[in-house]
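Following the numbering used here, the numbering of the sequence shown begins with 1 at its first residue and continues without gaps. Glycine residues also receive a C-beta, built at the ideal position from the N, C-alpha and C atoms. Comments concern the structure below.
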Amino acid sequence: MNAQIEIRECATLDELGACVDLQREVFSLPEIELSPVRHFVVTKNAGGFILGAYSGDELIGFVLSVPAFLRGEKAFYSHMTAVKSEFQSFGIGARLKWA
Numbered sequence: 001m002n003a004q005i006e007i008r009e010c011a012t013l014d015e016l017g018a019c020v021d022l023q024r025e026v027f028s029l030p031e032i033e034l035s036p037v038r039h040f041v042v043t044k045n046a047g048g049f050i051l052g053a054y055s056g057d058e059l060i061g062f063v064l065s066v067p068a069f070l071r072g073e074k075a076f077y078s079h080m081t082a083v084k085s086e087f088q089s090f091g092i093g094a095r096l097k098w099a
């Protein structure tokens, strides 16, 4: 894979909507099983974060991490990671997890 992949925060409603679309594509879940945009917004407002992997302007992966506590310390629970099939097995998911 020769594409430059940029990891950055998904901040706008359009970017969060693209995460929902990617979730639908990658996991092939029925609509009722998808985490909707409002879940992403609530996660951000509660102190969590959503990072996207971008090839140019195209969202090719994301990680959704929700705030948590672990042994009394603030932590993050990685709730969901998705990477487009043609970009899988290149370490993009790992980059998202460790960013």
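Three-state secondary structure assigned by DSSP to residue i
i   : result
R71 : coil
S85 : helix
L64 : strand
F40 : helix
Nearest-angstrom beta carbon gap, residue j and residue i [assumed within contact, 8 Å]
i   : j   : result
V63 : K97 : 6 Å
I60 : C10 : Not really, about 12 Å apart at Cβ, beyond 8 Å.
I7  : A99 : 5 Å
V37 : V20 : 6 Å
Alpha carbon of residue i to alpha carbon of residue j, nearest angstrom
i   : j   : result
D14 : E73 : 33 Å
A68 : L16 : 21 Å
L29 : L70 : 30 Å
Beta-bridge pairing of residue i - partner residues as DSSP gives them
i   : result
I5  : S55
S28 : None, per the DSSP bridge assignment.
F49 : S65
Within 8 Å, strictly: CB atoms of residue i and residue j
i   : j   : result
A82 : L34 : no
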